[in-house]
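Following: one structure in structure tokens, then a few remarks.
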Amino acid sequence: MAFRFDNSWRRDLPGSYLDEVPDPAPAPVLLAFNAPLAAALGLDPAAVQDHAAAWFSGASLPPGAEPVALAYAGHQFGGFSPQLGDGRAHLLGEHLDPQGRRWDIQLKGSGRTPFSRGGDGKAAVGPMLREFLISEAMAAMGVPTTRSLAVVATGETIRRDGGMLPGAVLARVAASHIRVGSFQFWAARGDGDRLRALLDYTIARHFPELAPGDGLGLFDALAARQARLIAQWMGLGFVHGVMNTDNMALSGETIDYGPCAFMEAYAPGTVFSSIDRQGRYAYANQPLILGWNLARLAECLLPFFDADEDRALELANGRLQGIAGLYAAEWAVVMQAKLGLSAPDAALATGFLAAMEGQGVDWTLAFRRLAGATQDAGALRALFARPEALDDWLPRWRAALAPDAAARMAMANPAVIPRNHLVEEALGAATGGDLEPFRTLLAEVTRPFAPEAGRERFALPAPSGFGDYVTFCGT
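Numbering (numbering that gives the first Met the number 0), first residue to last: 0 to 474.
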């Protein structure tokens, strides 16, 4: 089966996009293809793979594609830009799978658009393979996320701070690319009619149980999804790195894997992004930014909370005041699973983190080894410079364990994540033309909960000489 495009964005949201065609790659070569995802979309993987180099590089378009660049606004590191938009991306169309579910098929790194703001609209091999690798790892760990269908080398070289690099395009699959910034775009222009059209479109696409125009119901549903998503990030030690409002998808998916990475030694202030010099999007700040971003969405939706402005503000403030509690409840559920508890227990969860803090304890290893500490905590204690920090906590934890704690914990705590040093090793090799390390790492991170035996190299943190890790947005 080929793509079955039904492009509702074009049909229902005029004015929110520009007709733009991807730049044709001069010499496209397929670097990575996600056959299982293609099958899940109801496509014929072999047939799509045969055309992937051309379709996903702009060299040609799949039948039925009507490419556009989407318009949106957004707060970037706290500063508002009334017009951002797809500056290096093209939405090819919306594919309907055999169950009738709608999926955006988007190219990233596919050339300049009127939203490029001086950028070249291109992307390099390393960052595109990085998004493929980490988004697929997140999906394997059960985190809602955009997915990666393919990466194609374009045959071009692009200039970045590190010099000239081989270019590439990512084919991304998303439940939608509706963002908080999509609402901000029309709110900033005072266009109530198009804001209402976007509201109704979002409800029909993602929350069909709600009535058209139900802004308050939409906000409540979105807040619940986002709180659950950020709690999952926190449970995995994942640092997104650029939680701008244009990177908060209303589908509840993780989107835009730019300067992201996984925390190794537990430190709440962990930052990886080279441009986040103030730590705005540090690990521990992610729940706070959740509330901040949702406040920006509430500002856009105020006219749909209540016709009376004072009442609308009252409703918005009440919802915003409840977000911290909403997140705390989701985080407690995540930590219940990670700790193998019979019931959520925030005090036990924070107690374990307090014992870890300041000791350089690897986040992923600590939780994985905790599963074996129901009887013998030796392997866990070996991770701690001061293992006595666990002395009071361990008996209280053991008393609160569920009967099948070890089995629960094995499915809640990955053995293998995309370790930063291995990611860099794989991407460096791929940039030089050797894809084998990338393929090997991808195979390991997409079975995250399998036993460590035989793959210990992928389960251990970076060697001491690796140094501080810095990531870049890839533009």
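Virtual Cβ for every residue (Gly too), placed ideally from N, Cα, C.
Terminal residues of the alpha helix (DSSP H) in which residue 57 lies: Per DSSP, residue 57 belongs to no alpha helix (DSSP H) and is neither H nor E.
With residue 13 and residue 66 assumed to form a contact (beta carbons below 8 Å), what rounded beta-carbon distance in angstroms separates them? Wrong, their Cβ atoms sit about 16 Å apart, outside the cutoff.
Could you give the distance in angstroms between the alpha-carbon of residue 358 and the alpha-carbon of residue 266? 9 Å
For residue 273, count neighbouring C-beta atoms within 10 Å of its own C-beta (all shown protein chains included) and say buried if the count is 16 or more, exposed if not. exposed
Does DSSP classify residue 16 as helix, strand or coil? strand
Kindly indicate which residue of 76, 270, 466, 292 has the alpha-carbon position closest to the one of residue 282. 270
Pick helix, strand or coil for residue 451, following the three-state DSSP scheme. coil
Should residue 295 be labelled buried (16 or more other beta-carbon atoms within 10 Å of its own) or exposed? buried
Which word fits residue 183, buried or exposed, when buried means at least 16 other C-beta atoms lie within 10 angstroms of its C-beta? buried
Name, in chain order, the residues that DSSP records as bridge partners for residue 238. 260
Would you decide whether residue 349 is buried or exposed? Buried here means 16 or more other CB atoms lie within 10 Å of its CB. exposed
N- and C-terminal bounds of the alpha helix (DSSP H) containing residue 293: 285-304
Residue interval of the alpha helix (DSSP H) (run including residue 80): Not the alpha helix (DSSP H): residue 80 falls in the beta strand (DSSP E), residues 78-80.
Looking only at DSSP bridge pairs, what is residue 470 linked to? 272
Does the pairing of the stretch 117-137 with the stretch 409-426 give three or more beta-carbon distances under 8 Å? yes
Bridge partners - residue 50, DSSP secondary structure assignment: Its beta-bridge partners do not exist; DSSP assigns none.
Can you pull the DSSP bridge partners for residue 156? 165
Touching or not, the stretch 163-172 and the stretch 71-79, by the rule of three or more beta carbon pairs under 8 Å? no
DSSP beta-bridge partners for residue 173? 103
Is it true that the stretch 333-352 meets the stretch 308-322, where meeting means three or more beta-carbon pairs spaced less than 8 Å apart? no
Distance, Cα to Cα, residue 444 vs residue 438? 10 Å
Indicate the three-state DSSP secondary structure (helix, strand or coil) for residue 309 in the structure shown. helix
CB contact flag (residue 341, residue 411, <9 Å): no
Which residues does DSSP pair with residue 75 in a beta bridge? 78
Do you know how far the Cα of residue 95 is from the Cα of residue 200? 16 Å
Please report the distance separating the alpha-carbon of residue 212 from that of residue 179. 17 Å
Would you call residue 175 buried or exposed, if buried means 16 or more other Cβ atoms sit within 10 Å of its Cβ? buried
Find out if the Cβ-Cβ distance for the pair residue 297, residue 218 is shorter than 9 Å. yes
Go through its chain and collect everything with a Cβ distance to residue 326's Cβ below 7 Å, but skip five positions before and after it. 226, 229, 230, 286, 289
What are the start and end residues of the alpha helix (DSSP H) that includes residue 135? 124-139
Counting C-beta neighbours from all protein chains within 10 Å, is the total for residue 122 16 or more, i.e. buried, or is it exposed? buried
Compare the Cα-Cα distances from residue 238 to each of 302, 24, 432, 137 and report the closest residue. 137
What three-state label does DSSP hand residue 7 in the structure shown? helix
Check this for me: beta carbons of residue 26 and residue 108, under 9 Å apart or not? no
Classify residue 465 as buried or exposed, calling it buried when 16 or more other Cβ atoms lie within 10 Å of its own Cβ. exposed
Within its chain, find whatever has a CB closer than 8 Å to the CB of residue 373; leave out the 5 residues flanking it on each side and keep chain order. 339, 397, 400, 404, 405
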